[in-house]
Amino acid sequence: MAKLIVEVQDLWKSFCIRHNRNDSLKERFISLFDGRRRERREIFWALRGVNLKVAQGEMVGIIGPNGSGKSTLLRIIAGILHPTKGSVIVRGSVAPLIEIGVGFHPELTGQENIYLNASLYGLTRKEIDRIYDKVVEFSGLEDFIDVPVKNYSTGMYMRLGFAIAVQLDMDILLVDEVLAVGDEAFQRKCLAKMQELKERGKTILFVSHALDLVSRLCDRAYLLIDGRVAMEGVAEEVTGCYNKKVPIQ
Amino acid sequence: MSSWMTGFIGLIRYRELVRNLVAKDLKVKYRGSVLGLLWSLLNPLAMIVVYSLAFQYILRIPLKNYPLFLITGIIPWNFFSGAVIASSEAIIGNANLLKKVKFPLEILPFATILFNFIQLLFALLVFFPAVFWFKTEVTPLILLYLPVLGLQFLFTLGVAFFLSSITTRYRDVRHLTEVALMVLFWLTPIIYSISMVPGKLQLLIKVNPLAAFITVYQDIIYWGRLPRPETFISMVLWTCLSLGVGYSLFRRRQRVFVEEL
C-alpha cells in the first residue's frame with residue numbers, strides 16, 4: 018500500500034453551543050444581576066471517535082446527511098480547527114479548503130485576491146507570478162480579473178477559488194460540496210482536473226451530496242452519521258447503502 | 005520561548021502575506037479617493053491647527069513654538085490610537101481568511117500595526133520639515149528618534165495582540181477602547197508639558213506608558229535635551245510587559261478564534 022498521507026485516529030471534536038450568547042462585556046455584566054439573561058452552554062459533539070486513513074494518490078469521498086460532521090472533519094484535516102481528543106497526522110501540504118464562499122476580500126480585484134490568497138501559503142511574489150497566468154486561464158475569468166470580487170457571482174467566486182487551490186500544487190486537496198455552484202462546463206473541467214491531479218499522485222478528499230459523482234470518481238468512501246463513521250469501503254458500495262443507513266425524516 | 009521564535013520565523017517566511025495585507029488595507033482605505041494617502045494627514049493637521057488656536061491663543065499656554073510642541077506629541081499619538089482601534093478588527097475583520105487556510109495568525113495584528121506605522125512615516129515626511137522651520141539648531145539627539153519609534157511599535161504591537169484576541173470573544177471591546185483612548189489622550193502630556201502638571205497628578209501621568217514615550221519625543225525634538233534615565237527604563241519595561249502579556253494571551257487564545265468567529 019502507498020504511504021498513508023492522512024491518518025485520523027479516534028478523533029473527537031466538541032463545540033460549545035452558547036444559547037443566549039453573551040457577546041459583549043455589557044451583556045456579560047448585566048447577566049451577573051439578571052439570571053434569565055445568563056448564557057447557557059451546551060456541549061455538542063460534532064465528531065465522536067472518527068478513524069480515517071487515506072493513502073497517497075487516493076480519492077476519497079465523504080458522504081452523510083447535513084450536520085453529520087463532514088465539514089468539521091475537513092477543517093480539522095486542513096489545520097483550521099483543532100481536535101478536542103484524538104490525533105490527526107497529515108504528511109504533506111494541504112491546499113485551501115474549497116467550499117462555497119471562499120476567503121476573498123470583496124473590495125479587492127480578482128488579481129489582488131489571487132496574490133493575497135496565494136501568499137497565505139507563504140508563497141513568495143515570484144512563485145505567485147509563476148502560477149498567476151495558469152490560475153486566470155483555468156478560472157476563465159480573464160475579462161473580470163481586474164474587477165472587485167464583490168461584483169462576482171457565486172459561480173465566479175467558486176471558479177476563482179477552485180483555480181487557485183488546484184494551481185498551488187499542494188499534496189492534498191479538500192473539496193467541500195462546491196461543484197454544484199458552477200455551470201456544467203466548468204464542473205466537467207473541475208472533475209477532469211481532479212482526475213489529472215489524482216493521476217499525478219495528489220490526494221483528494223471530496224465531500225459531496227452527489228452520490229453518483231462520489232461513486233463514479235472516488236476509490237473509497239466514508240459515510241458519516243452523527244459524527245461517527247457508519248460505513249467505509251469501496252465508493253460504490255457505500256453510496257449504494259446510503260439510503261438504507263440514513264433514515265428518511 | 006520557542007513559541008516566540010516560531011512566531012518570528014513565521015513573520016519572515018510569510019513576508020509576502022504581510023506585504024499583501026498592508027497593501028490591501030491601503031487599497032481598501034484609499035481607493036477611489038483622489039487624494040489617497042493625503043487624507044491620513046488631514047486629521048493631524050486639523051488637530052494641530054485647532055489645538056494651537058485653542059491653547060496658544062485662547063488658553064495662553066506658556067510654551068513657545070507651540071505648534072512644534074504639538075506636532076512632536078500628536079503624530080506618535082495618532083499612530084498609537086489609530087493602531088489600537090484598528091487592531092480590535094485585526095482578527096474578526098479577516099474571518100474569511102482564517103476560516104479557510106492555516107497560517108500564522110500573528111501576522112494579522114502585525115500587518116495592522118505596520119499599516120498604521122506606514123501612515124505615521126508618511127505623516128513624519130510631511131511634518132518633519134516643521135522642526136527646521138521652528139528651530140534653527142537640531143541636536144544629534146534626534147538620532148534617538150527612530151529607535152524610540154521602534155520601541156513604540158513593539159509596545160503598540162503588544163496592545164494589538166491583547167485587544168485583537170479579546171475582541172473575538174467580546175465584540176464591544178471596541179467601544180470601550182475608544183473611551184479609554186480619549187481618557188488616555190488627556191492624561192498624556194501632548195498638549196501640555198509634564199512640568200506643568202502639579203505634584204500629586206504627576207504620579208498619575210508617570211504610570212501612563214504613553215506619557216513616557218511622548219515625553220521622550222518632546223525631550224529629543226522640542227527641548228533638545230537628554231531624556232531622564234528613568235523615563236527610558238519605564239519605556240522599555242512597558243514594552244516588555246505589553247508584548248509579554250499581549251502575545252502570551254494571543255498564543256493561548258488563537259486555537260479558539262475560528263470557533264468564536
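Taken in sequence, the protein lines are chains A and B.
Residue 18 is where the first sequence starts when you use our numbering, and the numbers rise one by one after that.
Residue 5 is where the second sequence starts when you use our numbering, and the numbers rise one by one after that.
We put the CB at the ideal spot given by N, CA and C, even for glycine.
From a predicted model like this one, the values you see are computed outputs, not experimental measurements.
Pairwise C-alpha distance: residue j and residue i
{"i": "Tyr239 of chain A", "j": "Phe223 of chain A", "result": "10 Å"}
{"i": "Phe236 of chain B", "j": "Leu137 of chain A", "result": "38 Å"}
{"i": "Val246 of chain A", "j": "Ala63 of chain A", "result": "12 Å"}
{"i": "Thr219 of chain B", "j": "Leu49 of chain B", "result": "21 Å"}
{"i": "Leu191 of chain A", "j": "Glu56 of chain A", "result": "35 Å"}
{"i": "Phe129 of chain A", "j": "Phe161 of chain A", "result": "The question names Phe, yet the displayed sequence has Glu at residue 129 of chain A. Approximately 12 Å between the Cα atoms of the pair."}
{"i": "Val249 of chain B", "j": "Ser7 of chain B", "result": "14 Å"}
{"i": "Leu156 of chain B", "j": "Asn168 of chain A", "result": "Note on residue identity: the sequence assigns Gln, not Leu, to residue 156 of chain B. One C-alpha to the other measures close to 40 Å."}
{"i": "Met76 of chain A", "j": "Asp146 of chain A", "result": "29 Å"}
{"i": "Leu188 of chain B", "j": "Arg65 of chain A", "result": "50 Å"}
{"i": "Ile111 of chain B", "j": "Leu253 of chain B", "result": "15 Å"}
{"i": "Glu263 of chain B", "j": "Val130 of chain B", "result": "44 Å"}
{"i": "Lys205 of chain B", "j": "Pro165 of chain A", "result": "The residue asked about is misnamed: residue 205 of chain B is Leu in this sequence, not Lys. Spanning the two alpha carbons is a distance of roughly 53 Å."}
{"i": "Arg257 of chain B", "j": "Asp29 of chain B", "result": "25 Å"}
{"i": "Gly228 of chain B", "j": "Tyr149 of chain B", "result": "12 Å"}
{"i": "Phe114 of chain B", "j": "Val22 of chain B", "result": "8 Å"}
{"i": "Leu208 of chain B", "j": "Leu191 of chain B", "result": "8 Å"}
{"i": "Asp236 of chain A", "j": "Leu153 of chain B", "result": "59 Å"}
Own chain partners of residue i with C-beta closer than 6 Å, once the 5 adjacent residues on each side are dropped
{"i": "Leu161 of chain B", "result": "Ile117"}
{"i": "Phe84 of chain B", "result": "Thr160"}
{"i": "Phe59 of chain B", "result": "Ile65 and Ile195"}
{"i": "Pro231 of chain B", "result": "Val220 and Asp223"}
{"i": "Phe165 of chain B", "result": "Pro113, Gly250, Tyr251 and Phe254"}
Residue i: first and last residue of the uninterrupted beta strand (DSSP E) it sits in
{"i": "His36 of chain A", "result": "Leu21 to His36"}
{"i": "Ile80 of chain A", "result": "Met76 to Ile80"}
{"i": "Lys219 of chain A", "result": "Lys219 of chain A -> no beta strand (DSSP E), and no H or E assigned at all."}
{"i": "Asn278 of chain A", "result": "The structure shown does not extend to residue 278 of chain A, since chain A spans only 18 to 266, so no value can be given for it."}
{"i": "Leu241 of chain A", "result": "Arg237 to Ile242"}
{"i": "Ser104 of chain A", "result": "Lys102 to Val107"}
Selection from the options that minimises the alpha carbon distance to residue i
{"i": "Ile242 of chain A", "options": "A:Asn130, A:Ser85 and A:Cys258", "result": "A:Ser85"}
{"i": "Val135 of chain B", "options": "B:Phe126, B:Leu125 and B:Ile146", "result": "B:Ile146"}
{"i": "Lys219 of chain A", "options": "A:Glu154, A:Val111 and A:Arg35", "result": "A:Val111"}
{"i": "Ala184 of chain B", "options": "B:Gly86, B:Met51 and B:Leu15", "result": "B:Gly86"}
{"i": "Glu59 of chain A", "options": "A:Glu159, A:Arg35, A:Leu49 and A:Gly78", "result": "A:Arg35"}
{"i": "Lys27 of chain B", "options": "A:Ala180, A:His122, A:Arg205 and A:Gly81", "result": "For the sequence presented, residue 27 of chain B should be read as Ala rather than Lys. Among A:Ala180, A:His122, A:Arg205 and A:Gly81, the Cα nearest to that of Ala27 of chain B is on A:His122."}
{"i": "Phe12 of chain B", "options": "B:Leu158, B:Leu214, B:Val177 and B:Ile195", "result": "B:Leu158"}
{"i": "Gly97 of chain B", "options": "A:Ser104, A:Gly120 and A:Ala135", "result": "A:Gly120"}
{"i": "Tyr174 of chain B", "options": "B:Ser92, B:Ile194 and B:Ile198", "result": "B:Ser92"}
{"i": "Glu20 of chain B", "options": "A:Leu42, A:Pro113, A:Asn134 and A:Met175", "result": "A:Asn134"}
{"i": "Ala180 of chain A", "options": "A:Arg53, A:Phe155 and A:Phe203", "result": "A:Phe155"}
{"i": "Tyr226 of chain B", "options": "B:Ser197, B:Asn212 and B:Lys104", "result": "B:Ser197"}
Sequence-distant residues of its chain with Cβ nearer than 8 Å to residue i (five each side left out)
{"i": "Glu253 of chain A", "result": "Ser232"}
{"i": "Cys258 of chain A", "result": "Leu240 and Met248"}
{"i": "Asp186 of chain A", "result": "Ile148"}
{"i": "Glu159 of chain A", "result": "Val153"}
{"i": "Leu241 of chain B", "result": "none"}
{"i": "Thr181 of chain B", "result": "Val88, Ile89, Ser92 and Leu167"}
{"i": "Val201 of chain B", "result": "Pro193 and Ile209"}
{"i": "Asn212 of chain B", "result": "Leu188, Leu191 and Thr192"}
Pair within 8 Å by beta-carbon distance, residue i and residue j
{"i": "Val71 of chain A", "j": "Ile106 of chain A", "result": "no"}
{"i": "Leu102 of chain B", "j": "Phe261 of chain B", "result": "yes"}
{"i": "Thr126 of chain A", "j": "Asp150 of chain A", "result": "no"}
{"i": "Ala94 of chain B", "j": "Asn120 of chain B", "result": "no"}
{"i": "Gln123 of chain B", "j": "Ser238 of chain B", "result": "no"}
{"i": "Lys210 of chain A", "j": "Val251 of chain A", "result": "no"}
{"i": "Ile94 of chain A", "j": "Pro100 of chain A", "result": "no"}
{"i": "Phe107 of chain B", "j": "Tyr251 of chain B", "result": "no"}
{"i": "Lys90 of chain A", "j": "Ile97 of chain A", "result": "For clarity, residue 90 of chain A is Leu in the given sequence; the question names Lys instead. No, the Cβ-Cβ distance between Leu90 of chain A and Ile97 of chain A is not below 8 Å."}
{"i": "Leu63 of chain B", "j": "Lys139 of chain B", "result": "no"}
{"i": "Ser246 of chain B", "j": "Val163 of chain B", "result": "yes"}
{"i": "Leu208 of chain A", "j": "Leu228 of chain A", "result": "no"}
{"i": "Ile16 of chain B", "j": "Ile52 of chain B", "result": "no"}
Where the alpha helix (DSSP H) through residue i begins and ends
{"i": "Thr172 of chain B", "result": "Counting along the chain, Thr172 of chain B falls outside any alpha helix (DSSP H), and DSSP gives it neither H nor E."}
{"i": "Ile16 of chain B", "result": "Ser6 to Arg17"}
{"i": "Asn260 of chain A", "result": "Ala252 to Lys262"}
{"i": "Ile181 of chain A", "result": "Thr171 to Gln184"}
{"i": "Gly77 of chain B", "result": "Tyr70 to Ser91"}
{"i": "Val209 of chain B", "result": "The amino acid occupying residue 209 of chain B in the given sequence is Ile; Val does not appear at that position. That run of the alpha helix (DSSP H) goes Gly203 to Lys210."}
{"i": "Val231 of chain A", "result": "Leu228 to Leu234"}
{"i": "Val192 of chain A", "result": "Val192 of chain A -> not in any alpha helix (DSSP H); beta strand (DSSP E) instead, spanning Ile189 to Asp193."}
{"i": "Gly250 of chain B", "result": "Pro233 to Arg257"}
{"i": "Arg142 of chain A", "result": "Arg142 to Ser156"}
{"i": "Trp43 of chain B", "result": "Trp43 to Tyr55"}
Same chain only: Cβ atoms within 7 Å of residue i, ignoring 5 sequence neighbours per side
{"i": "Tyr132 of chain A", "result": "Ile145"}
{"i": "Ala99 of chain B", "result": "Leu265"}
{"i": "Ile170 of chain B", "result": "Val177"}
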